[in-house]
Amino acid sequence: MARQKTIITCAVTGAIHTPTMSRYLPVTHDDIARQAIDAAEAGASILHLHTRDPDDGRPSVEPDHYASILGRVKQSTGAVVNLTTGGAPTMLIKERLQAAARFSPEMCSLNMGSLNFAFHPLAARYDSYKYDWEEAYIRGSESNIFRNTFTDIREAAETLAPHKIKFEHECYDVGHLYNLKFCMDIGLFKAPIFIQFVMGILGGIGSDIDNLVFLKKTADKLFGDSFRWSVLAAGAAQMPMATTASQMGGNVRVGLEDSLFISRGELAESNAQQVRKIRRLIEDLGCEVASPDEAREILDLKGADRVNF
Ligand code: KMH
Ligand code: ZN
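Below is the structure:
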């Protein structure tokens, strides 16, 4: 059987990294749109998008903070837009669903369990901060519980059901796969599902090959052939784990949401630079990268003509 092409998702800005950490992190709406478009041109067929407050770059889920970004991305690329419903670990599900309900994108993330979600060790790297909110936000993550209860997951599924959105089911540990199986059994999600194995978050499973094999085998056991999968690994493990996933028949996610670096100690100058790197690795190793329309077919998406932006 011919091997399926590899889908590259690019997660452009996220909610973990803050403006002080890299001058290349897109923070203004203009930068987020421009970097997203460049990432699509470099080979990302899915753009996973968060937004930020235009005044000070803090993570935001305010629908108005997405509008100009989505308009520009749609005008300039054929890429699939995947909006976060995770927002930031400090936010609750109701506010996190508002943008997806308004814009009805082809895809959304959906976090499949609650966990500690910490990045406070990053504070040790900085003596001063560009904006007042950053230090407390980073240090405060030591007490974060990223809340994604079964009630929250059901609320997301039911609120967004009329929009026919395909979820990127973010699973940060093996137990989250069992949560997903339970939700499928009670009819919240339909096959084929798309699982994002999230590795290396402090609070979730660590990034190593044994763990990836375990996650994949567990998903095989629970979902048979009714799932597609991808890997994102936070920080230094981003490229090694993405490369491994592509060799195992999976898909990959890169982007400055997940790692600020292009190689050890060297900041990535853009999201597109990371996309170009993983694309080169995938192609050098003999695989092909999926176009946006091929990604739509592989993931059975509703189509770009059925979004609300
Ligand atoms: N930042 C990632 C580790 C979401 O947007 O729903 C998780 C994420 C969450 O992408
Ligand atoms: Zn995200």
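Heads up, the sequence shown is in numbering that gives the first Met the number 0, so the first residue is 0 and it goes up one at a time.
Heads up, the beta-carbon is just placed ideally off N, CA and C, and yes, glycines get one too.
Q. Excluding sequence positions up to five away, which residues of its chain have a Cβ less than 8 Å from the Cβ of T148?
A. Within the sequence shown, numbered from 1, the residue matching residue 148 stands at position 149. Excluding sequence neighbours, T148 sits near S113.
**Q.** Where V372 sits in the DSSP three-state scheme
**A.** In the structure displayed, the chain extends from 0 to 308; residue 372 sits before or after that span and is not available.
Q.
Can you tell me whether N178 sits near the ligand KMH, meaning its C-beta is under 6 Å from at least one heavy atom of the ligand?
A. In the sequence shown, the residue the question calls residue 178 occupies position 179. It does not: the Cβ of N178 is nowhere closer than 6 Å to a heavy atom of the ligand KMH.
(Q) Looking only at its chain, what residues have a beta carbon closer than 7 Å to the beta carbon of G309, apart from the 5 residues adjacent to it on each side? (A) In this structure the chain extends from 0 to 308, so residue 309 is not present and cannot be described.
Q.
Considering only their Cβ atoms, is the gap separating H47 from M111 smaller than 7 Å?
A. Translated into the one-based positions of the sequence shown, residue 111 becomes position 112. Translated into the one-based positions of the sequence shown, residue 47 becomes position 48. No. Outside cutoff.
**Q.** Bridge-paired residues (DSSP) for K165
**A.** Position 166 of the sequence shown holds residue 165. DSSP, once it has assigned bridges, lists M106 as partnering K165.
Q.
What does the Cβ neighbour count give for M247, buried or exposed, with the cut at 16 atoms within 10 Å?
A. Residue numbering aside, residue 247 sits at position 248 when the sequence shown is read from its first letter. Under this definition M247 is an exposed residue.
Q. Whose CA, out of G56, T50, Q97, D37, lies closest to the CA of T76?
A. Residue 76 sits at position 77 when you count from the first residue of the sequence shown. Measuring from the Cα of T76, the nearest candidate turns out to be D37.
Q: Rank I15, K215, I152 by C-alpha distance to the C-alpha of S229 and give the top, closest one.
A: What you label residue 229 is simply residue 230 of the sequence shown in a count that begins at 1. Residue K215 is the option with its Cα nearest to S229.
Q. Relative to the C-alpha of N270, which residue among C9, A190, I297 is closest?
A. To locate residue 270, count along the sequence shown from 1; it is residue 271. Per the Cα distances, C9.
Q) Does the ligand ZN have even one heavy atom less than 6 Å from the beta-carbon of T83? A) Against the sequence shown, residue 83 aligns to sequence position 84. It does: the Cβ of T83 is within 6 Å (strictly closer) of some heavy atom of the ligand ZN.
Q: List the endpoints of the continuous alpha helix (DSSP H) containing C182.
A: As a working mapping, residue 182 is identified with position 183 in the sequence shown. Where C182 is concerned, the enclosing alpha helix (DSSP H) stretches over 173-184.
**Q.** F145 to R2 span [Cα, whole Å]
**A.** Position 146 of the sequence shown holds residue 145. Position 3 of the sequence shown holds residue 2. Cα-Cα distance, rounded: 36 Å.
**Q.** Exposure of E105, with buried meaning 16 or more beta-carbon neighbours within 10 Å
**A.** Residue numbering aside, residue 105 sits at position 106 when the sequence shown is read from its first letter. Buried, because 16 or more other Cβ atoms sit within 10 Å of the Cβ of E105.
Q) Relative to the C-alpha of G203, which residue among R22, F116, D219, S44 is closest? A) Locating residue 203 in the sequence shown gives position 204, counting from the first residue. For G203, the nearest C-alpha among the options comes from F116.
Q: Pick helix, strand or coil for S113, following the three-state DSSP scheme.
A: Within the sequence shown, numbered from 1, the residue matching residue 113 stands at position 114. Coil.
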